[in-house]
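For the record, in the sequence shown the residue sitting at position 162 is 172 according to our numbering, with numbers rising by one throughout.
Here is the structure we will look at.
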Amino acid sequence: MGRGAEFMKPIRTKALVIGGGPSGSTAARHLAGSGIDTILIEKNPSFVKPCGGVMPSSAFNELDLPRHLIKREVRKIRVVSPKGKEAELELEGGFMAMVERGGFDSCLREEAKKAGAEVIEAEFKGFAETGDEVVSEVVINGFLRTITSDYVIAADGAGSKSLASLGLKPPASIFTLSKILPGEQDACEFWFGQSHAPKFYSWVFPAAGGISIGTGSVRPENLRGLLENFLSRRGYEPGHQGSVAAPLRGWRMPLWGGGLFNRGRILFAGDAAGQVMPFTFEGIYYAMKAGSFAAEAVASGRPDAYKKFWRKRFYARFLFMKKLWSLFGNSEGLIEKFISMHRNPSVKEASMRLWLNKEMDGKALLSYMNIFREFLS
Ligand SMILES: Cc1cc2nc3c(=O)[nH]c(=O)nc-3n(C[C@H](O)[C@H](O)[C@H](O)COP(=O)(O)OP(=O)(O)OC[C@H]3O[C@@H](n4cnc5c(N)ncnc54)[C@H](O)[C@@H]3O)c2cc1C
Numbered sequence: 011m012g013r014g015a016e017f018m019k020p021i022r023t024k025a026l027v028i029g030g031g032p033s034g035s036t037a038a039r040h041l042a043g044s045g046i047d048t049i050l051i052e053k054n055p056s057f058v059k060p061c062g063g064v065m066p067s068s069a070f071n072e073l074d075l076p077r078h079l080i081k082r083e084v085r086k087i088r089v090v091s092p093k094g095k096e097a098e099l100e101l102e103g104g105f106m107a108m109v110e111r112g113g114f115d116s117c118l119r120e121e122a123k124k125a126g127a128e129v130i131e132a133e134f135k136g137f138a139e140t141g142d143e144v145v146s147e148v149v150i151n152g153f154l155r156t157i158t159s160d161y162v163i164a165a166d167g168a169g170s171k172s173l174a175s176l177g178l179k180p181p182a183s184i185f186t187l188s189k190i191l192p193g194e195q196d197a198c199e200f201w202f203g204q205s206h207a208p209k210f211y212s213w214v215f216p217a218a219g220g221i222s223i224g225t226g227s228v229r230p231e232n233l234r235g236l237l238e239n240f241l242s243r244r245g246y247e248p249g250h251q252g253s254v255a256a257p258l259r260g261w262r263m264p265l266w267g268g269g270l271f272n273r274g275r276i277l278f279a280g281d282a283a284g285q286v287m288p289f290t291f292e293g294i295y296y297a298m299k300a301g302s303f304a305a306e307a308v309a310s311g312r313p314d315a316y317k318k319f320w321r322k323r324f325y326a327r328f329l330f331m332k333k334l335w336s337l338f339g340n341s342e343g344l345i346e347k348f349i350s351m352h353r354n355p356s357v358k359e360a361s362m363r364l365w366l367n368k369e370m371d372g373k374a375l376l377s378y379m380n381i382f383r384e385f386l387s
């Protein structure tokens, strides 16, 4: 058979994973590791997501990730209230691991490949059929091809084309604007205030090659103005390299709605499913866990089990954090209170456990919930 004929052969696999970010690569690694014929497609292998890249150190053990991906260990979290009151958490028994998303994502795709997945540079365009077999249209090297599979795990991030192709509404989003500045930073800082981060927070994180600084809002308008407000609050002079004239990157961060898992044999994971923790807005760890749960469901031939696996592990925590966010995120007065509470050593301790230990048992979550009982009742 000539090369042309070989190239045009229909592609068939048991499982197709769309999107080679943390969620998709983890799903592909687990699928291939369970002996399932798997193709992972990524439209742009050199894409570097604008992302703070902060993960709890415990995730590295739990997800069996190579330690060389940790570019920096951060042991301090600082939260600043709208009125400028600070609370500082010194992390013990773990740390916040900073990763550089370009290298991190490439390494995860490599791990999927090592486990036996075929990794292809290809862009998903839409579903042609979604019955017992799923037929996906993809562009490979400029040619439109189809990939037929028994299952699809759609992990194509915020703005997912797979959701759009099924006519499903994407999760609501926070709109973010951020950039990397030169400099040194010892802590992960979270700054609250409606003037620069309405219903969200602005952040200053250590990053590979400098400091990541950014803000977000539920509304896309005037993000530049909000970031200017934050830079000036953080002490940057106008015209300093901290001004918004430096390169900026905007990206959407999905808000968790709770209901999106699968449509038949198509399973949604990570940002595509809005699985970002409310309030803290951590997404990397949860995207990877969702990828592994989706893979486990596919491997067992029970796509509906995915929802069960996810809910058993994360539902209570997501629901609680969503309640906290809708309560505290809406009121500067309550945020002041929330931050003052975090000066209390026992609240600090409970909060630290919540941040660092994602395998936390129900008891630890309950003790954190109890702190906020009076607000939640
Ligand atoms: C500014 C910002 C800062 C953040 N900071 C943090 C943080 O510090 N810590 C944290 O835990 N989380 C953070 N997050 C959230 C985190 O980045 C995401 O939750 C996480 O990347 C989700 O992983 P994913 O694999 O689901 O999606 P993505 O990382 O978005 O990966 C999706 C992949 O799919 C590919 N793709 C998209 N469309 C197609 C297509 N049609 N065909 C083929 N491939 C496609 C993309 O190229 C991409 O590689 C941040 C988010 C933002 C916006």
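For every residue, glycine included, the Cβ atom is placed at its ideal position computed from N, Cα and C.
Ligand 1 heavy atom lying under 7 Å from the CB of residue i
i	result
PHE278	no
GLY224	yes
THR48	no
VAL357	no
GLU266	Contrary to the premise, residue 266 reads as Trp rather than Glu in this sequence. TRP266 Cβ: outside cutoff for every heavy atom of ligand 1.
TYR211	no
GLY104	no
ILE51	yes
PHE319	no
PRO32	yes
PRO60	yes
THR156	no
GLY112	no
ILE294	yes
ILE87	no
SER91	no
ALA218	no
GLU121	no
GLU133	yes
DSSP three-state assignment for residue i, whether helix, strand or coil
i	result
MET298	helix
ASN54	coil
PRO319	First, the amino acid is wrong: residue 319 is Phe here, not Pro. PHE319: helix per DSSP, three-state reduction.
TRP394	Because residue 394 is not part of the residues shown, which for the chain are 11 to 387, the question remains open.
MET287	coil
ALA25	strand
LYS86	strand
GLY30	coil
ASP115	helix
GLY12	In this predicted model, GLY12 has a pLDDT of only 38, less than 50, meaning its place in the structure is not dependable; the value taken from the coordinates is given anyway. Three-state result, GLY12: coil.
VAL64	strand
GLU1	Since the first residue of the chain shown is 11 and the last is 387, residue 1 is not available in this structure.
Supposed contact pair residue j and residue i - C-beta distance, whole angstroms, cut 8 Å
i	j	result
PHE105	ARG85	5 Å
ILE21	THR156	7 Å
GLY91	ILE349	The sequence given here has Ser at residue 91, not Gly. With a Cβ gap of about 4 Å, SER91 and ILE349 count as contacting.
ALA97	ARG383	Incorrect: roughly 20 Å between the Cβ atoms, too far for contact.
LEU277	ALA164	7 Å
GLY29	ASP166	4 Å
Opposing strand residues paired with residue i [DSSP bridges]
i	result
ASN272	LEU277
TRP201	VAL90, SER212
ARG229	Paired residues: none, contrary to the question.
PHE153	ILE150
SER341	In the DSSP output, where bridge partners are listed per residue, SER341 has none listed.
GLU133	VAL149
VAL144	THR140, SER159
Residue-chain proximity (residue i, chain D), Cβ-Cβ < 8 Å
i	result
GLY274	Chain labels in this structure do not include chain D; a single protein chain is all it has.
With contact counted as at least three CB pairs below 8 Å, one residue from each stretch, are the region 176 to 183 and the region 31 to 48 in contact?
no
Given 8 Å, three or more beta-carbon pairs between the region 329 to 344 and the region 65 to 81:
no
Between the region 319 to 326 and the region 196 to 215, do at least 3 Cβ pairs fall closer than 8 Å?
no
Assess contact between the region 61 to 69 and the region 288 to 303, defined as three or more Cβ pairs (one per stretch) separated by less than 8 Å. Is contact present?
yes
Can at least three beta-carbon pairs, one atom from the region 254 to 269 and one from the region 302 to 316, be found at a separation below 8 Å?
no
Below 8 Å, can you find three or more Cβ-Cβ pairs linking the region 104 to 121 to the region 229 to 237?
no
Measuring CB atoms only, is the region 133 to 146 touching the region 259 to 272, in the sense that at least three cross pairs come out at less than 8 Å?
no
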